[in-house]
Amino acid sequence: NLAHAVKEAASRLPPESVADDTKLYEALELDDEVDGWTKARQQVHGPWEFVLIPSSIPNAFVSEMLPRRIFITTAMFEEFIASQDELALILGHEISHLILGHSSTMNSFESSYRTLEVLLLSLDPTSGLLSLAFMGFLASVRSAIGAGYSRDHERQADELGVKLCAMACYDTRAASEVMHKMHVENVESGGATANMPSFFDSHPPSDERYRSLLDESKNENPNKYEENCATLKSLFFEAIKPEVRGSPKEVRAKLRTLKIQNEVN
């Protein structure tokens, strides 16, 4: 977090810089980790809104363009999320994408490649014939590298997400079962290839993610943060509207009510 990043950055500075407030602030502003956590804090600070989308496609996501909103489809509850522990892990994962600046990284990557494509077109002496052929290859390379970026981002978000889930004092081992259910669904729908990632797959294999989450849960669990459990747990679920809280059975009933209300409106 930001406090830890500041402490680590300050420990690397010479004593004279730490003693001088002006030099200390200037040095901290240049530290990448401190800068990253400062921006992350600005993005997540403030009231959050939980946006429930009636859809048969299970999905959850956040967007830098629509700050402090978590979008999740009703299918996620109907097919995978059966407890608040599992919901906490899903929310922690999505918030982690925002904290880690993954959208900005992908946007920068896409912009760089688009610029390269335009540059090739402008320099091609064959009136675009050579560039068009090469751009097909470049598009494939962009897709492959982009998928690699995305897989890395998912792993990073899983790692930080399970930590956030533990800090909010939810059972991270129990929460990991949501990924196991996704793995089972993946196998049933994709057969034997479900655990064989394609070069262009944007997510790591679901079984790999499930096993990694189980392993992380041995260290990242409520026991590690038990002194702050009550406060953190209540703050974490401030991101969720009251009408979708409750037991899995109550959540599903309320989801049906919300769906009817949305159809009426």
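Numbering-wise, the numbering used here puts 194 at position 194 of the sequence shown, and it's gapless, one number per residue. Ideal placement from N, C-alpha and C gives every residue a C-beta, glycine not left out. Just so it is clear, the structure is predicted and the values come from calculations on it, not from any experiment.
Within the same chain, Ile81 come within 7 angstroms of Leu87 by CB-CB distance, once the 5 residues on both sides are set aside.
Burial is judged here by how many other beta carbons sit within 10 angstroms of a residue's own beta carbon; Ile90 has at least 16 and is buried. The C-beta of Glu227 has fewer than 16 other C-beta atoms within 10 Å across all chains shown, which makes the residue exposed. For Gln84 and Leu52, the gap between their C-alpha atoms comes out near 16 angstroms. Within its own chain, the residues whose Cβ lies closer than 8 angstroms to the Cβ of Ala9, once the five positions on either side in sequence are excluded, are Ala27, Leu28, Asp31, Glu33, Val34, listed in chain order.
Contact between the stretch 173–191 and the stretch 209–225 is present: three or more C-beta pairs spanning the two stretches fall below 8 angstroms. Across the set Gln156, Ser55, Ala5, the C-alpha of Ser55 shows the shortest separation from the C-alpha of Ala75. If you compare the alpha carbons of Trp37, Ser212, Ala168 with that of Arg155, the shortest gap goes to Ser212. Your pair His93 and His153 does not check out as a contact, with CB atoms roughly 11 angstroms apart and the cut at 8 angstroms.
Pro58 sits in coil when the DSSP states are folded into three classes, being neither helix nor strand.
Using a Cβ distance threshold of 8 angstroms, Gly36 and Gly101 count as a contacting pair. If you look at Leu52, you'll find it in the beta strand (DSSP E) that goes 49–53.
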